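S.K.: Count the sequence shown with this note's numbering and you get residues 97 to 198, in order.
I have a structure I would like to understand better, so I am pasting it below and will then ask my questions one at a time.
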Amino acid sequence: MAMIMRQVMPAAIPLSLVEAVTEEMGVESSPPAGMIVHTHYEQDGRVHIVDIWESAEAHEQFVESRLMPAMGKVAEAHGVDLAAAGQPETVITDVQRVVRGA
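Following this line, the structure appears as structure tokens:
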């Protein structure tokens with residue numbers, strides 16, 4: 097079942113870090129299996145991420161195999177301590193239907 101994953105990143109995680117992680121993963125040229133759409137933006141001084149995935153399993157595989165290694169590498173290069181930054185606020189919602197535009 098498809099799912100929407102919404103996150104609000106901790107204040108210690110700036111948009112520039114999220115952009116760098118996105119570049120490090122190369123998701124535009126090599127999208128992860130099961131990802132339908134990804135977007136991130138800054139609102140009220142915090143980074144928000146909204147993804148739609150074909151399944152929770154596809155999202156979990158992406159997090160383990162690509163996201164966490166890239167986040168660790170980029171955070172270290174930018175001097176960001178991810179453990180001290182805290183966890184993102186995450187909401188997962190199962191969806192009944194996804195309609196894809198042309």
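Beta carbons: idealized from backbone N, C-alpha and C, even for Gly.
Here the structure is a predicted model, which is why all the values come from computation and not from measurement.
State the Cα-Cα distance for the pair residue 154 and residue 120, rounded to the nearest angstrom.
M.R.: Cα to Cα, residue 154 sits roughly 19 Å from residue 120.
S.K.: To the nearest angstrom, report how far apart residue 124 and residue 135 are at their CA atoms.
M.R.: Between residue 124 and residue 135, the C-alpha separation is close to 11 Å.
S.K.: Distance, Cα to Cα, residue 172 vs residue 127?
M.R.: Near 24 Å, if we compare the C-alpha coordinates of residue 127 and residue 172.
S.K.: Tell me whether the region 106-118 and the region 179-197 touch, counting them as touching only if at least three CB pairs, one residue from each stretch, are closer than 8 Å.
M.R.: Contact holds: three or more Cβ-Cβ distances are below 8 Å.
S.K.: Measure the CB-CB distance between residue 98 and residue 161 and report whether it falls below 8 Å.
M.R.: Not a contact, by the Cβ cut-off of 8 Å.
S.K.: State the CB to CB distance for the pair residue 187 and residue 143, rounded to an integer number of angstroms; the pair is presumed to be in contact (CB under 8 Å).
M.R.: Residue 187 to residue 143, Cβ: 15 Å. No contact.
S.K.: Nearest by alpha-carbon distance to residue 196: which of 148, 158, 102 is it?
M.R.: Considering only alpha carbons, the answer is 148.
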